[in-house]
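Chains U and G supply the protein sequences, listed in that same order.
Numbered according to our numbering, the first sequence spans residues 1 to 392.
Numbered according to our numbering, the second sequence spans residues 1001 to 1392.
Virtual Cβ for every residue (Gly too), placed ideally from N, Cα, C.
Number of protein chains: 2
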Amino acid sequence: MENFTFWSPTEFVFGRDTESKTGELLTRFGAKKVMMLFGGHSAERSGLLARIRESMRAAGIDFIEFGGIRPNPTADKVYEGIDMARAAKVDFMLAVGGGSVIDTAKAIALGVPASEDFWNFYCGKSKPDTALPVGVVLTIPAAGSEGSGNSVITNEKTLQKISVRYPMLLRPKFAVMNPELTMTLPADQTAYGIVDMLCHIYERYFSNTPATELVDSYSEAIMRDVMDQAMTLHFQPDNYDARADVMWAGTLAHNGLCGVGKTEDWASHRLEHEISAIYDVPHGAGLAVIVPAWMKFCARRNPDKLWKFAINVMSVDPAGHDTDEIIAEGIHRLEDFYHDLGLTTSLRELIGGKEPDIEAMVKSLERNMGPTLGSYVPLSMDDCREIYRLAL
Amino acid sequence: MENFTFWSPTEFVFGRDTESKTGELLTRFGAKKVMMLFGGHSAERSGLLARIRESMRAAGIDFIEFGGIRPNPTADKVYEGIDMARAAKVDFMLAVGGGSVIDTAKAIALGVPASEDFWNFYCGKSKPDTALPVGVVLTIPAAGSEGSGNSVITNEKTLQKISVRYPMLLRPKFAVMNPELTMTLPADQTAYGIVDMLCHIYERYFSNTPATELVDSYSEAIMRDVMDQAMTLHFQPDNYDARADVMWAGTLAHNGLCGVGKTEDWASHRLEHEISAIYDVPHGAGLAVIVPAWMKFCARRNPDKLWKFAINVMSVDPAGHDTDEIIAEGIHRLEDFYHDLGLTTSLRELIGGKEPDIEAMVKSLERNMGPTLGSYVPLSMDDCREIYRLAL
Chain U
1 MENFTFWSPT EFVFGRDTES KTGELLTRFG AKKVMMLFGG HSAERSGLLA RIRESMRAAG
61 IDFIEFGGIR PNPTADKVYE GIDMARAAKV DFMLAVGGGS VIDTAKAIAL GVPASEDFWN
121 FYCGKSKPDT ALPVGVVLTI PAAGSEGSGN SVITNEKTLQ KISVRYPMLL RPKFAVMNPE
181 LTMTLPADQT AYGIVDMLCH IYERYFSNTP ATELVDSYSE AIMRDVMDQA MTLHFQPDNY
241 DARADVMWAG TLAHNGLCGV GKTEDWASHR LEHEISAIYD VPHGAGLAVI VPAWMKFCAR
301 RNPDKLWKFA INVMSVDPAG HDTDEIIAEG IHRLEDFYHD LGLTTSLREL IGGKEPDIEA
361 MVKSLERNMG PTLGSYVPLS MDDCREIYRL AL
Chain G
1001 MENFTFWSPT EFVFGRDTES KTGELLTRFG AKKVMMLFGG HSAERSGLLA RIRESMRAAG
1061 IDFIEFGGIR PNPTADKVYE GIDMARAAKV DFMLAVGGGS VIDTAKAIAL GVPASEDFWN
1121 FYCGKSKPDT ALPVGVVLTI PAAGSEGSGN SVITNEKTLQ KISVRYPMLL RPKFAVMNPE
1181 LTMTLPADQT AYGIVDMLCH IYERYFSNTP ATELVDSYSE AIMRDVMDQA MTLHFQPDNY
1241 DARADVMWAG TLAHNGLCGV GKTEDWASHR LEHEISAIYD VPHGAGLAVI VPAWMKFCAR
1301 RNPDKLWKFA INVMSVDPAG HDTDEIIAEG IHRLEDFYHD LGLTTSLREL IGGKEPDIEA
1361 MVKSLERNMG PTLGSYVPLS MDDCREIYRL AL
C-alpha cells in the first residue's frame, strides 16, 4: 500500500424526501444568495425544482436560476453562468442534477472569484486559489461529482474535454441524495450512470501497487452489488432499494475510498473523453465501448489484475481453465452485462454506423495528455490507436 | 435502507513517516498552544514522542505534555487534564496513542471550555455546545476513535463506563496513521484491537433493517480481510502490509461507513463495558468473551443475519446443513479465531478463574442503559443475565 490522504468532508444527506432539507442545509453552510443550476425540463416537470424553491424560501434564502445545462457541459455555458452569478452577487452554487450540472456549477464556482479566464484552471495554465462553495441535489447517480473535487468541461472551440481535480476547493459542502428522484430516469441514462460508476472503480482497481487486499476486496464487493442492482433496475426501474444502492455506490466509487493507497489509472476515461468530445455521445455509452477494448489490450501485457477481476467480480470459475481463458471469459461477461443494459460495445455502432476518425482522436489525446497514458499498462499513442481499433 | 447522513471530515494522513507532518497539520488547523497526550513509556522509548516534539518545534508550535493515560481511561485523569489545559491556555488537543488516549483528549476538549462538570456530558445531564479541536497520531488501531465522534470514559467513583457520540464536536481534525508505529505492539494488544474493530462492524452488520445489500457486502469484505491479516500478524508481527490493512480497517469500522442506512445494535459493547468497568480487563478481551455468547443467544430468536455471517464471513459451506448447524459452525469458527489470537472466550477465565458477579453487572447495566438493550434482538435484563451466563 502506498501513503495516502483520505478526506470526505461532504455531508451526504441520503434518503426519502431529503430535498426538503435543502434550504436548511444552505443556511447552515452560510449561503445568502444562491444560484440554482439545473438541466432540462424533467426537474421542473417532476415538481423537484418547486420543492427546492419552497425549501429555500422557507429558509429565507434569496436565489437566481440557471437552467438548460446539457450532457458533456460546455465552456460557453460556464462563461454565461459566471457573468450571471457575478451580476447577481451570488455567494453559493446549488447544482440540481447529475454530473454535468454539478461540474458546471463547480466551474462557475472557480470562475466567479477569479481575475482570469476560468479555462486556465482546466487547460493547466494556472491554479485557482479560491472558489464559491457548492451544494448538490443529486438526480443522476453516475459521475460521483457530488463527493469529489473533480469537474469535467468540454471546450467546443478547442474540441477539448478536460477533467480537473481541486479537492480542497471543489468538494461540495453537502449533497442531498434521494433515490426516489432517480426512479424516473430513462433506462439508457440509468445504464450510462452504472457504467460510469463501475469504471470509476476500475480506474482505481486496475493498479500495479502491491498489497492492496483490503481496498481491492471492498471495491470488488461494491462492483458486484452494483451489477446485481443494475439487473434489478433493468426489470424494476422503480425499485427503491436498488436505486438506493446504486446511488450510494456512485458516491463511494468516486469519493476516494476505492483508491486509497494505490496508483490509479484513468486511461479508459481519457480514451473515452475523446469519443464524447468529438461525437457528443453520452460518457457512459463511450465507456461501454472503451472498457472491454482496454481490457483486451491490457490482458496481453499485464494479466494479473484482470484475472482477479474475472474471478472475484465477474464470478468466472477458474477450475480447469488457463489465465487467458479466464480473463477472456471475464471480459465476455462484462460485454454481456453491457448488452443486457441495452448498450453497444462497438465504437462504430455507437456513432451511428460511420467510420470513426481514430487519427483525430489519437491526435487530440496526445495534445491533451502527452505521449503516454495510464499506469496499469502505460499506453503509447500507438497503443491507444490499437485500443480504438479493438473497440470498433 | 433507512435515511442517513454520512460525513467523514477527518483528514486521514496515512503511511510511512507521516508523523513528521504533525507540526504542519497542527499549523494548518490553527493550533497555537497544544496539549500532547500519551499513555505509557513505549511512545517515549520508541522515539515517537521525540519525533513529534521535533515536528512541532519546527512548525513553531508551543506545547505542554500530559502522559500516563491508561486503558479504560478514567474521569479522574480527565479532571486533571482539564485543570492543566486551562492553566496553560491550551487551544488544541493532540492525542498520541490509541482509543484511551484519544477518548481522554476528547473528554478534556469538551471540559476545557465548559462552565459545568464534563461528566454531565457523559451521564446525560446536559449537552455540550463547543469543544477544543482534537488531532491524533494513532499508535493502536482498535477503537476507531481517530475517525469517530465517540468517547468512552470510566467514572471510578460511580463504576460507570459511558460512551458518548458528539460527531459535530468530537471528530478529530486530522489523524496521522503510520502502520510502522504499530509493528511493536505486543501480540495481545494487537489481538484486542482486531477484536474491537471487528465488533464495531458486527454492531452495525447485525441489523434488522431490510435491503442493506451494498453496505453488508462491503462490510463482509472488510471483516474477511481483517481476519486474514490478523492471522498474518500473528506469525509476522512486523508485516507492514498487514499492519496497514488492519489500521485502515479499524478506521472504516467506526467512521460510519459500515452503518449507513441501518439501525445499529451496540448491545455487545454495552454488555462488555460492564465487565471492563468492574474487572478492569481490556475492552477487546471482554468482547471476545461477550460476542460469541451474544451470538448464541440471538441465534434462538433472530437467526437470519447470523446465518449470512456464518456463510459470507466465516466461510461456512451451507451445503447439506440446516440453519442451526450453519450458525453454530460460524460461531464455533469465530471462537476458534479468538483462540488462535491467544484470547479466551470464557468470562470466568478472563477474570482470573473467579466467579463473576453477574448480578452486579446486570444491575449496573440497567442503571446505565435502562430496561432494554440492542435492536437486532432487543434484550431484557433477564436476557442480558443469560448472555453473561452463556459467556461463563
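Practice task
Determine, using beta carbons only, whether G:V1134 and G:P1073 come nearer to each other than 8 Å.
Solution key: Translated into positions along the second sequence, residue 1134 of chain G becomes position 134. Translated into positions along the second sequence, residue 1073 of chain G becomes position 73. It is not a contact, given that the beta carbons lie outside the stated cut-off.
Problem - Min CB distance G:L1214 to chain U below 8 Å - result: Reading the second sequence from its first residue, position 214 is the one you call residue 1214 of chain G. Chain U contact via Cβ: present.
Handout entry: Runs of beta strand (DSSP E) lying entirely within the stretch 172–223 of chain U, each at least 3 residues, in chain order
Key = 174–177
Problem - Simplified DSSP assignment, three categories, for G:N1155 - result: Along the second sequence, one-based indexing puts residue 1155 of chain G at 155. Three-state result, G:N1155: strand.
Practice task
Give a yes or no on whether the minimum CB-CB distance between G:F1012 and chain C is below 8 Å.
Solution key: The structure shown contains no chain C; the protein chains it does contain are U and G.
Handout entry: chain G contact residues for U:Y218, given Cβ-Cβ distances below 7 Å
Key = The residue given as residue 218 of chain U occupies position 218 in the first sequence. Going along chain G in sequence order, the residues near U:Y218 (Cβ under 7 Å) are Y1218, A1221 and I1222.
Handout entry: Endpoints, beta strand (DSSP E) assigned at U:E65
Key = Walking along the first sequence from the start, residue 65 of chain U turns up at place 65. D62 to F66 is the extent of the beta strand (DSSP E) around U:E65.
Handout entry: CA-to-CA distance, U:S217 to G:S1207, given in whole angstroms
Key = Translated into the one-based positions of the second sequence, residue 1207 of chain G becomes position 207. Translated into the one-based positions of the first sequence, residue 217 of chain U becomes position 217. Going by the C-alpha atoms only, they are around 22 Å apart.
Practice task
Determine the burial state of U:S219: buried for a count of at least 16 other Cβ atoms within 10 Å of its Cβ, exposed for fewer.
Solution key: Translated into the one-based positions of the first sequence, residue 219 of chain U becomes position 219. Label assigned to U:S219: buried.
Practice task
Give the interface partners of G:A1211 over in chain U, defined as CB-CB distance under 7 Å, in chain order.
Solution key: Stepping through the second sequence from its first residue, residue 1211 of chain G is reached at position 211. D241, listed in chain order.
Handout entry: Closer than 8 Å at the beta carbon, the chain G residues around U:F206
Key = Position 206 of the first sequence, counting from 1, holds the residue named residue 206 of chain U. None at all; the shortest Cβ gap to chain G is about 18 Å.
Practice task
Using a Cβ cut-off of 7 Å, pull out every chain G residue sitting near U:D129, in sequence order please.
Solution key: As a working note, residue 129 of chain U is residue 129 in the first sequence. Correct list: empty, because the minimum Cβ distance to chain G is about 15 Å.
Problem - Secondary structure of G:A1050, DSSP reduced to three states - result: Taking the first residue of the second sequence as 1, we reach residue 1050 of chain G at position 50. Helix.
Practice task
Using three-state DSSP, classify G:V1226 as helix, strand or coil.
Solution key: Taking the second sequence and counting its residues from 1, one reaches residue 1226 of chain G at position 226. Residue state, collapsed to three classes: helix.
Problem - Helix, strand or coil at G:E1002 [DSSP, three-state] - result: The residue given as residue 1002 of chain G occupies position 2 in the second sequence. Looking at G:E1002 - three-state DSSP - the assignment turns out to be coil, as it is neither helix nor strand.
Practice task
Can you check DSSP and say which residues form a bridge with U:G97?
Solution key: Along the first sequence, one-based indexing puts residue 97 of chain U at 97. Its beta-bridge partners are U:L138.
Exercise for the section: Would you tell me roughly how many angstroms separate the C-alpha atoms of G:S1020 and U:Q160, rounded to the nearest one? Expected result: Position 20 of the second sequence, counted from the first residue, corresponds to residue 1020 of chain G. Position 160 of the first sequence, counted from the first residue, corresponds to residue 160 of chain U. Computed Cα separation, rounded: 41 Å.
Practice task
Check the Cβ-Cβ distances between G:G1015 and every residue of chain U, and say whether any is below 8 Å.
Solution key: Start at 1 with the first residue of the second sequence, and residue 1015 of chain G comes out as number 15. Yes, contact with chain U.
Problem - Secondary structure of U:T345, DSSP reduced to three states - result: Position 345 of the first sequence, counted from the start, is the residue given in the question as residue 345 of chain U. In this structure, U:T345 counts as coil in the three-state DSSP scheme.
Handout entry: Contact set between G:S1008 and chain U, taken where Cβ atoms lie within less than 7 Å
Key = Translated into the one-based positions of the second sequence, residue 1008 of chain G becomes position 8. Residues of chain U passing the Cβ test: S8.
Practice task
Could you tell me whether the Cβ of G:N1003 comes closer than 8 Å to any Cβ of chain U?
Solution key: Within the second sequence, residue 1003 of chain G is the residue found at index 3, counting from 1. Yes, because at least one Cβ of chain U sits closer than 8 Å to the Cβ of G:N1003.
Practice task
Compare the C-beta of G:T1345 against all C-beta atoms of chain U and say whether one is closer than 8 Å.
Solution key: As a first step, residue 1345 of chain G must be located in the second sequence, where it is residue number 345. It does not; no Cβ of chain U falls within 8 Å.
Problem - For G:I1358, three-class secondary structure by DSSP - result: Numbered from 1 along the second sequence, position 358 holds the residue referred to as residue 1358 of chain G. Correct three-state label for G:I1358: helix.
Handout entry: Minimum length 4: unbroken alpha helix (DSSP H) runs contained in the stretch 231–255 of chain U
Key = 240–252
Practice task
Under the assumption that G:T1345 contacts G:A1288 (Cβ atoms under 8 Å), give the Cβ distance between them as a whole number of angstroms.
Solution key: Translated into positions along the second sequence, residue 1345 of chain G becomes position 345. Translated into positions along the second sequence, residue 1288 of chain G becomes position 288. That belief holds up - the Cβ atoms of G:T1345 and G:A1288 are roughly 6 Å apart, short of 8 Å.
Problem - In chain order, each alpha helix (DSSP H) run of at least 4 residues that lies wholly inside the stretch 9–36 of chain U - result: 22–28
Problem - 8 Å contact criterion, which U:V101 and U:G39 should meet: CB distance rounded - result: Translated into the one-based positions of the first sequence, residue 101 of chain U becomes position 101. Translated into the one-based positions of the first sequence, residue 39 of chain U becomes position 39. The pair is a contact, with the Cβ atoms about 5 Å apart (cut-off 8 Å).
Exercise for the section: Closer than 9 Å by beta-carbon distance: list the chain G residues that pair up with U:V260, in chain order. Expected result: Residue mapping note: residue 260 of chain U aligns to position 260 of the first sequence, counting from 1. Under the 9 Å cutoff, chain G gives F1012, F1014 and W1248.
Practice task
Report the rounded CA-to-CA distance for U:M223 versus U:D383, giving the unit in angstroms.
Solution key: Locating residue 223 of chain U in the first sequence gives position 223, where the first residue counts as 1. Locating residue 383 of chain U in the first sequence gives position 383, where the first residue counts as 1. Going by the C-alpha atoms only, they are around 27 Å apart.
Practice task
In the DSSP assignment, find the unbroken alpha helix (DSSP H) run with U:V291 in it and report its ends.
Solution key: One-based indexing of the first sequence puts residue 291 of chain U at position 291. H283 to R301 is the extent of the alpha helix (DSSP H) around U:V291.
Problem - Meets three-Cβ-pair contact criterion under 8 Å: the stretch 54–72 of chain U and the stretch 110–118 of chain U - result: no
Exercise for the section: Output, in chain order, the set of chain G residues within a Cβ distance shorter than 7 Å of U:D225. Expected result: Numbered from its first residue, the first sequence carries residue 225 of chain U at position 225. Here the neighbours are E1213, L1214 and S1217.
Exercise for the section: Would you mind sorting U:M168 into buried or exposed? The rule is 16 or more other CB atoms within 10 Å of its CB. Expected result: What you label residue 168 of chain U is simply residue 168 of the first sequence in a count that begins at 1. Result: exposed.
Handout entry: Of the residues U:G97, U:V195 and U:G124, the one placed nearest U:L334, counting alpha carbons only
Key = Counting from one through the first sequence, the residue named residue 334 of chain U turns up at place 334. Out of U:G97, U:V195 and U:G124, U:V195 has the C-alpha closest to the C-alpha of U:L334.
Problem - At least 3 beta-carbon pairs within less than 8 Å: the stretch 267–276 of chain U vs the stretch 364–384 of chain U - result: yes
Practice task
Taking the CB atoms as reference points, tell me whether U:G50 and U:G23 lie closer together than 8 Å.
Solution key: The residue labelled residue 50 of chain U in the question sits at position 50 within the first sequence. The residue labelled residue 23 of chain U in the question sits at position 23 within the first sequence. It should be noted that the sequence gives Ala, not Gly, for residue 50 of chain U. Going by C-beta atoms, U:A50 is not nearer than 8 Å to U:G23.
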